[in-house]
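So the structure is just underneath, and the comments pick up after that.
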Amino acid sequence: MSDTLSCDAIVDHGLIERYLAGLLSEAEVEALESHYLTCARCQTELRLAAAIREVLPAVQDASVGTAEVPQVVAGRRFGRLARTGTIAAAMAAVLAGILLLRPSTMESPSHRRAAPETEIAPTVQVPLGEVGVVQEFRWTSVTSADLYEVTLYDATGDVIWRVDTRETRVPLPDSVPLAPGGLYLWEVNARVGWDRWVSSELVRFRISEP
Amino acid sequence: MVSAAGQPQPEVIERLRLGLQIMALRALGDPEAAEEAVQETLVRALEALRDGRVGDPEKLGAFVRGIARHVIADIHRARQRAAPLHAMPGAGPHSTGDDPLTALITAEERERVRLALTQLSARDREILRLSFFEGLGPVDIAERSGEPALRVRKRKSRALSRLRRALLRKEPPVTNRGLPRQTSE
Chain A
45 MSDTLSCDAI VDHGLIERYL AGLLSEAEVE ALESHYLTCA RCQTELRLAA AIREVLPAVQ
105 DASVGTAEVP QVVAGRRFGR LARTGTIAAA MAAVLAGILL LRPSTMESPS HRRAAPETEI
165 APTVQVPLGE VGVVQEFRWT SVTSADLYEV TLYDATGDVI WRVDTRETRV PLPDSVPLAP
225 GGLYLWEVNA RVGWDRWVSS ELVRFRISEP
Chain B
638 MVSAAGQPQP EVIERLRLGL QIMALRALGD PEAAEEAVQE TLVRALEALR DGRVGDPEKL
698 GAFVRGIARH VIADIHRARQ RAAPLHAMPG AGPHSTGDDP LTALITAEER ERVRLALTQL
758 SARDREILRL SFFEGLGPVD IAERSGEPAL RVRKRKSRAL SRLRRALLRK EPPVTNRGLP
818 RQTSE
């Protein structure tokens with residue numbers, strides 16, 4: 045019998061995920077079970093994994109509907125559009141813009157699923173370098189991308205804001221204060237197919253001192 | 638872990654109990670049968686400890702697992718005698734649609750994890766799906782997504798850290814996705 049596993053090795057090798065998915069060998073199951081019987085940390089990981097497996101599918105299904113228009117956008121800067129035109133109209137406008145910019149996508153919408161392996165990554169445009177004020181984040185569009193994820197980090201690398209959108213710009217909400225003199229980093233990831241993403245460069249900008 | 642009299646500390650017994658619940662639920666599927674297996678295994682394990690039949694206390698987990706395997710096999714056999722296989726709910730670890738381990742999650746914990754999941758990015762959720770449903774590691778996910786494995790690993794670690802805090806309630810859930818964590822005033 046083997047009881048030589050460490051918690052770190054279990055995490056590093058994804059043993060809990062594979063255990064619950066039924067993908068471990070008998071020897072691996074024996075080692076893992078012998079370990080977690082007396083390990084509080086790994087028992088917590090197993091309970092967490094069970095919770096994720098139960099809840100995640102419903103959350104993912106629900107997010108497909110809510111990702112049509114970013115929550116922050118719908119509630120703030122683009123509130124007028126959301127109130128007067130409905131989400132369907134907003135989506136129609138976005139779609140029209142996409143079709144105008146990229147006629148090739150109109151010819152074959154299914155290209156989104158068969159994204160080329162060498163999909164060009166989005167390029168961040170604004171903000172960059174030294175800036176006075178940040179009102180929005182903007183980047184180049186990616187052919188066949190159906191969703192963008194914007195992440196803003198502080199200078200220590202902590203995530204301070206993240207949002208999903210189908211557009212190539214997103215306003216910075218008032219609830220995200222950027223300090224004068226502060227250094228920030230941001231990136232945008234474009235979803236170009238089922239579980240396929242391409243990432244921009246991680247770029248930095250600094251808010252000018254008044 | 639084990640006292641001089643051969644008895645494990647109370648916290649060790651509780652830890653064994655939860656570990657056995659996980660193991661038995663996964664093997665038997667049915668919470669009632671799993672509880673029976675846990676009780677029987679604990680009784681046998683404590684007797685063995687009292688009688689000094691556990692050589693190396695560091696091997697306690699492996700020793701108890703050996704007992705549990707026998708107990709679970711006995712319960713399987715008893716169930717097979719009592720009912721035809723096709724009529725048994727939870728005849729094996731993956732024979733039911735629902736994950737039996739969810740019996741170990743309270744409704745409150747489930748809701749906290751659900752809220753925390755809604756606050757993750759779609760991409761992070763996708764990494765979790767590939768990990769927990771397809772059993773893919775960061776390298777496999779990186780190959781699919783085209784991003785560095787290190788970045789996948791960091792994303793997954795960060796996401797799990799948030800979910801773990803939610804499960805253990807080390808921080809209150811934030812309900813507005815997209816808002817910064819530290820701006821709740």
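Keeping their order, the protein sequence lines are chains A and B. Plus 44 on top of the position in the first sequence (first one is 1) and you've got this note's numbering. Plus 637 on top of the position in the second sequence (first one is 1) and you've got this note's numbering. No residue lacks a Cβ here, since even glycine has one placed at the ideal position from N, Cα and C.
Partners in chain B for residue i, counting only beta-carbon separations shorter than 8 Å
i, result
"A/Arg-210", "Going along chain B, no residue has its Cβ under 8 Å from A/Arg-210, so there is no contact; the nearest lies around 11 Å."
Neighbouring residues, chain A, relative to residue i (Cβ below 8 Å)
i, result
"B/Glu-771", "Ala-65"
Contacts around residue i, its chain only, beta-carbon distance under 8 Å, and the 5 residues preceding and following it disregarded
i, result
"B/Leu-655", "Leu-741"
"B/Ala-685", "Val-691, Phe-700, Ile-704"
"B/Phe-826", "The question about residue 826 of chain B has no answer, for chain B in this structure spans 638 to 822."
"A/Glu-253", "Pro-224, Gly-225"
"A/Val-247", "Val-168, Leu-172, Leu-229, Trp-230, Glu-231"
Neighbour flag for residue i against chain B, beta carbons, 7 Å
i, result
"A/Arg-91", "yes"
"A/Thr-187", "no"
"A/Arg-206", "yes"
"A/Gln-87", "yes"
"A/Ala-223", "no"
"A/Ala-71", "no"
"A/Glu-98", "yes"
"A/Glu-193", "yes"
"A/Ala-53", "no"
"A/Val-103", "yes"
"A/Glu-253", "no"
"A/Glu-231", "no"
"A/Ser-199", "First, the residue type needs correcting, since residue 199 of chain A is Ala and not Ser in the sequence shown. Judged by the 7 Å Cβ criterion, A/Ala-199 is not in contact with chain B."
"A/Gly-58", "yes"
"A/Arg-213", "no"
"A/Ala-165", "no"
Integer-rounded CB distance, given that residue j should sit under 8 Å from residue i
i, j, result
"B/Ser-798", "A/Glu-61", "16 Å between Cβ atoms; not a contact."
"B/Ala-779", "B/Val-789", "5 Å"
"A/Glu-193", "A/Val-232", "7 Å"
"A/Leu-222", "A/Val-178", "6 Å"
"B/Leu-765", "A/Ile-96", "6 Å"
Short CB-CB distance (under 7 Å) between residue i and chain A
i, result
"B/Asp-736", "yes"
"B/Val-701", "yes"
"B/Ser-768", "yes"
"B/Ser-782", "yes"
"B/Arg-799", "no"
"B/Ile-712", "no"
"B/Gly-692", "no"
"B/Leu-679", "no"
"B/Ile-659", "yes"
"B/Leu-683", "no"
"B/Leu-787", "no"
"B/Arg-689", "A small correction: the amino acid at residue 689 of chain B is Gly; Arg does not occupy that position in the sequence shown. So, not an interface residue."
Partners in chain A for residue i, counting only beta-carbon separations shorter than 9 Å
i, result
"B/Pro-652", "In the sequence as displayed, the identity of residue 652 of chain B is Arg instead of Pro. Leu-81, Thr-82, Cys-83, Ala-84, Gln-87, listed in chain order."
"B/Gly-666", "Ordered by position in chain A, no residue passes the 9 Å Cβ test against B/Gly-666, which lies about 13 Å from the chain."
"B/Leu-686", "The contacting residues do not exist; B/Leu-686 stays about 13 Å from chain A at best."
Neighbouring residues, chain B, relative to residue i (Cβ below 9 Å)
i, result
"A/Val-175", "The contacting residues do not exist; A/Val-175 stays about 19 Å from chain B at best."
Beta-carbon proximity list for residue i, same chain, < 6 Å, skipping 5 on both sides
i, result
"A/Leu-76", "Leu-59, Tyr-63"
"B/Ile-712", "Ala-670, Ala-674"
"A/Phe-181", "Val-194, Val-214"
"B/Ala-786", "Pro-775, Val-776, Ala-779"
"B/Leu-708", "A quick correction: the sequence has Val, not Leu, at residue 708 of chain B. Closer than 6 Å at Cβ, skipping near neighbours: Ala-674, Glu-677, Thr-678."
"A/Val-220", "Trp-205"
Residue i: contacting residues in chain B (beta-carbon distance under 7 Å)
i, result
"A/Ser-78", "Gly-698, Ala-699, Arg-702"
"A/Glu-7", "This structure gives no information on residue 7 of chain A, because the portion of chain A shown stretches from 45 to 254."
Nonlocal neighbours in the same chain, by C-beta distance under 7 Å from residue i, ignoring five residues either side
i, result
"A/Cys-51", "Cys-83, Arg-85, Cys-86"
Partners in chain A for residue i, counting only beta-carbon separations shorter than 7 Å
i, result
"B/Leu-765", "Ile-96, Leu-100"
Review point. What residues in the stretch 734-763 of chain B bring their beta carbon closer than 7 Å to a beta carbon of chain A?
Key: Correct list: Asp-736, Leu-738, Thr-739, Leu-741, Ile-742, Glu-746, Arg-747, Val-750, Arg-751, Leu-754, Thr-755, Ser-758, Ala-759, Arg-760, Arg-762, Glu-763.
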